[in-house]
Structure formats: structure tokens, C-alpha cells
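Protein chains in written order, with this note's numbering: chain A, 36 to 293; chain B, 1399 to 1641.
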């Protein structure tokens, strides 16, 4: 255990700098640069709000915020896992030539996406101020669901990154899976819209719990009870452990397949 | 403690599938047909040796004899199928120059990134930054993306970063054959300086004269097996006559 920790500390600056590199590359050629991280969710919100309030006539209170909170979490999970999935293959040239702990790569992608999410979170705050949605004391507990979500994503990323090395089909399957996942997550529809049996199904979706938690803080002005916290922690920790075990078991063989 | 590298009974086997199976469909088709058998290829066959501290250890052998595989096992990139390789001290592998350069980033950014890849801290690279640039002779091109560099420039930068540390163990794989003669001389001088400073060096080279010039001990690999190990002159002469 101590050995793992010293090894991690040695490569800590590498991890951080890979994140910085990704951020630099992402915005290098765009005029507005980092502003896009804020503008993108804002523009998306305008489109979705226009569609849903006029076309489908949803009557969710504070729909733009309702949508943005869900969008924030969902896009973080899909972005981080998709980037992480190809991170090992993408670093083939490095893995073959230098010793680097391999978990650095998926972990780095998760941190990168997390930073992106924080930028987009600024967009949410701006919209809240514009729409005069009150920022309540519970709002400031937002790091809690974000942490749960991050741990969950890291676990899933480890699993996908390792699996994708051996079977490139995983990427195709996963893109279908995320589409289904999006519709099983209440991002732009209210839970009441679902038929009863679907509600049952949706409770097995970890994202549903994280998003509800986040909305409770931002819009509902209450902190979810112990049971909700336990469910969220349960999903996160189990996913992390499964991902880590799978990754650790397979990592020595990566180099033969990348 | 007098040993720098200890290689014990290392065997490295590869599954050499006739075609690369990387989709689930292919995998199941093969599985059902029952020909998911791989031909096993032994790249290294129970290789054992010790390298003493401060020694310059050469490895010779024909193409495909397992030299590079052995270096990869020693530097921890590959995990051996059986046996183990222990390394005492920090190691700087020069298996390929510029591994981990990002073509979109500038030379300055890449120096830092590559330094981190080798496990250094920011403070350390800050200190060494000027001498890295000076050695690579790239002062004018610091803020140019690497993708616009010539391959010689990339190699110079890579060598300069990898050798700026004083590693306990330096691994050199054929890299002395890059760049023009002037730079080659410079590299060899740098390696000699390190050797004088007590660094253990493991060199792989096809140039037998280079090995004779630099090494104390030489290992001759043939098809993954140890053919001969011992004094430089003895092994080099046998190697010359053997081929």
C-alpha cells in the first residue's frame, strides 16, 4: 500500500500536467478559448429550453436549471468515460517505451472532464443569477454529489479502458449504451412522466440518484437524508472497486494488445 | 549492496496469434471453432545475470535475439512471464528518444511534459531547463510546436532530457546511431561523463566497435538464450567469429 502511494506521488506532477496539456490542446485554436466551456452549456440550454417549453409544454419549475443540472452530470460521465476508454490505446507509444503506472491515463481523463464540468457549473450559476433563482445555503454542499459522481466515473473508466484494449467493439457497444442511458436519466423530463414500471428501472441507474441529489441541493433547498447518501456511496464505491480489480488484473497485458 | 540490476530466470513468452483478434465476433468465432490456440513465441528463455554498480554492460546479438525485449523487462515496461528483474536505484530508459512528446505542444512545454513522464518534479526541471536547451542546441526553437521539428531536432531534445538527470542506471538502445556525427560524439561524451560519475549503463548496439570501446562486460544473446557472458574482448571476438 505504501509502495503504491509513493509511486503515485512520484507521478503526481505528470498527472496534473497531462490535464493541463489536454486543456491547452482543447482550446488552442479557438478564439474564445475557455469561454466555450461556459458558452456551450448555455447555448445548449437555450435550444433545449426552447424546444421543451414550446413543443412539449413541460411545466417543470425553473426548467433551464433543471435541465442544466442534469446535463452537467450526464455530460461529465459520458465525456470522461469516453475519453478514458481510448486513453490506454491512445497512449500506446508511451506505454511501449517508458514505464508509467497505467492508471494515470484513465484517471487523467476523468480529472480533465471534471475541470470541464466545473467550468460548465459556472454557466449554471450565471443562469441562476439571471433567472433570479435564489442561491440557498444547501447550494454550497454541491461538492458532495460531484465527488460521488467522480468516484463512480473513475471506476467505470477503469473498466472501459481495460476492456477496450482487448476488444475494440466495446467503444461501439458503449455508444449505444449511453444513448439508452440518456433516456433512462431524467435530464429533461420530470420523473412523473414515466410509467410506474419504468420508475423501478430508473432507480437502478446510479446517475438518477446523483442528479436528484444535486437538484435537491440547488433547487430543492434540502440536503438528502442518510439513506440517499448511502445509496450514492454504495454505487460509487462498488463501481470503483470493480473497475480497479478488473484494471489491475489486466494491466500487465495491455502492452501486448495496444 | 553492490548490484545495480539483478535478472533472475527471466522468461518472456508472447502469444503470437496468426491474426490479431481484437473484436468480440472474431473471438467467439475462433472460440467455437476451437482454434483459439496461439503459437507461443519465446522471446527470452531463462536469462539470468547481474550487473554491478558502475559497470558498463553491453548486450549484443542479431536482430530478433531478444535484446530490446530484455531492456524492456529491465526498465519495467514489460512484465516477464516467469522470473523477475530487480532494479536497485532510479532508472532512465533511452529506449526511444522523445517517447511521450506531444506534437502539438511547443518544445518548452514538451521538455516539462517529458520530464514529468520520467518522474521528475517541476522544481527539478526548472533548475535543469537551461542546460537541457543548451545541450540540444534549440534555443531559437523553444516556442515552436514539435511537429514542425526535423527528426534530428526531436532526437536531440529527447536525448538531452533523458540524460540531464544523473540516473543510477541508464539504458541505451541503439540511440547512439541518431543525428549527425557531431551530435553522436556529443552523446558519447555525455555517456562517458555519466560512467565516470558512477552511473551503471546498459547498452544495446549493433556496432561491435562501440561496445568494445565502452563496455566492461558483454552478454551475447541468441534467439532469446544466453550464449555467452563475460569479458568484453572474449565475447566480442567469439561473436565476430560466430557470425
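Here a beta-carbon is modelled for each residue, glycine too, at the ideal position from N, C-alpha and C.
Cutoff 9 angstroms: residue i Cβ touching any chain A Cβ
i                       : result
residue 1448 of chain B : no
residue 1630 of chain B : no
residue 1548 of chain B : no
residue 1561 of chain B : no
residue 1421 of chain B : yes
residue 1457 of chain B : no
residue 1602 of chain B : no
residue 1477 of chain B : yes
residue 1607 of chain B : no
residue 1514 of chain B : yes
residue 1439 of chain B : no
residue 1484 of chain B : no
residue 1443 of chain B : no
residue 1474 of chain B : yes
residue 1555 of chain B : no
residue 1595 of chain B : no
residue 1452 of chain B : no
Residue nearest to residue i in terms of C-alpha spacing, selected from the options
i                       : options                           : result
residue 238 of chain A  : A:220, A:137, A:83 and A:214      : A:220
residue 293 of chain A  : A:83, A:73, A:127 and A:84        : A:127
residue 1571 of chain B : B:1601, B:1430 and B:1533         : B:1601
residue 193 of chain A  : A:278, A:283 and A:51             : A:278
residue 1554 of chain B : B:1537, B:1566 and B:1625         : B:1537
residue 79 of chain A   : A:248, A:231, A:112 and A:222     : A:222
residue 225 of chain A  : A:150, A:88 and A:198             : A:88
residue 122 of chain A  : A:137, A:108, A:112 and A:174     : A:137
residue 141 of chain A  : A:132, A:195 and A:167            : A:195
residue 1584 of chain B : B:1533, B:1512, B:1423 and B:1452 : B:1533
residue 186 of chain A  : A:267, A:57, A:48 and A:114       : A:267
residue 271 of chain A  : A:182, A:49 and A:130             : A:182
residue 1561 of chain B : B:1634, B:1440, B:1586 and B:1611 : B:1586
residue 269 of chain A  : A:131, A:44 and A:242             : A:242
residue 174 of chain A  : A:275, A:62, A:256 and A:53       : A:256
residue 1469 of chain B : B:1547, B:1403 and B:1558         : B:1403
residue 253 of chain A  : A:42, A:59, A:97 and A:53         : A:97
residue 1392 of chain B : B:1440, B:1615, B:1556 and B:1548 : For chain B, the structure presents residues 1399 to 1641; residue 1392 of chain B sits outside this window and is missing.
Three-state secondary structure (DSSP) of residue i
i                       : result
residue 1614 of chain B : coil
residue 274 of chain A  : helix
residue 1450 of chain B : strand
residue 1500 of chain B : coil
residue 1541 of chain B : coil
residue 1629 of chain B : strand
residue 1442 of chain B : strand
residue 1410 of chain B : strand
residue 1619 of chain B : strand
residue 1547 of chain B : coil
residue 1428 of chain B : helix
residue 1379 of chain B : Absent from the model: residue 1379 of chain B. The displayed extent of chain B is 1399 to 1641, so no value can be given.
residue 1484 of chain B : strand
C-beta neighbour in chain B for residue i, strict 9 angstroms
i                      : result
residue 122 of chain A : no
residue 142 of chain A : no
residue 132 of chain A : yes
residue 46 of chain A  : yes
residue 202 of chain A : yes
residue 283 of chain A : no
residue 58 of chain A  : no
residue 291 of chain A : yes
residue 287 of chain A : yes
residue 89 of chain A  : no
residue 129 of chain A : yes
residue 250 of chain A : no
residue 219 of chain A : no
residue 135 of chain A : yes
For residue j and residue i, believed in contact at Cβ under 8 angstroms, the rounded distance
i                       : j                       : result
residue 100 of chain A  : residue 163 of chain A  : 6 angstroms
residue 148 of chain A  : residue 72 of chain A   : Not quite, the Cβ-Cβ distance comes to about 11 angstroms (not below 8 angstroms), so this is no contact.
residue 124 of chain A  : residue 199 of chain A  : 7 angstroms
residue 197 of chain A  : residue 91 of chain A   : Wrong, their Cβ atoms sit about 40 angstroms apart, outside the cutoff.
residue 1599 of chain B : residue 1486 of chain B : Between residue 1486 of chain B and residue 1599 of chain B the Cβ distance is about 15 angstroms, and since that is not below 8 angstroms, they are no contact.
residue 1541 of chain B : residue 1506 of chain B : 6 angstroms
residue 1609 of chain B : residue 1473 of chain B : Actually they do not touch by this definition, with Cβ atoms about 19 angstroms apart.
residue 1406 of chain B : residue 1446 of chain B : 5 angstroms
residue 180 of chain A  : residue 249 of chain A  : 4 angstroms
is_contact[residue i, chain D] using C-beta, thresh 9 angstroms
i                       : result
residue 1622 of chain B : Within the model displayed, chain D is absent; protein chains A and B are what it includes.
Taking only runs of the beta strand (DSSP E) that begin and end inside the stretch 98-163 of chain A, which ones reach a length of at least 3 residues, in chain order?
-> Counting whole runs of 3 or more residues, the stretch 98-163 of chain A contains no beta strand (DSSP E) stretch at all.
Alpha helix (DSSP H) runs wholly inside the stretch 188-259 of chain A, at least 4 long, in chain order = Within the stretch 188-259 of chain A, the alpha helix (DSSP H) runs of at least 4 residues that lie entirely inside it are, in chain order, 204-218, 231-237 and 241-253.
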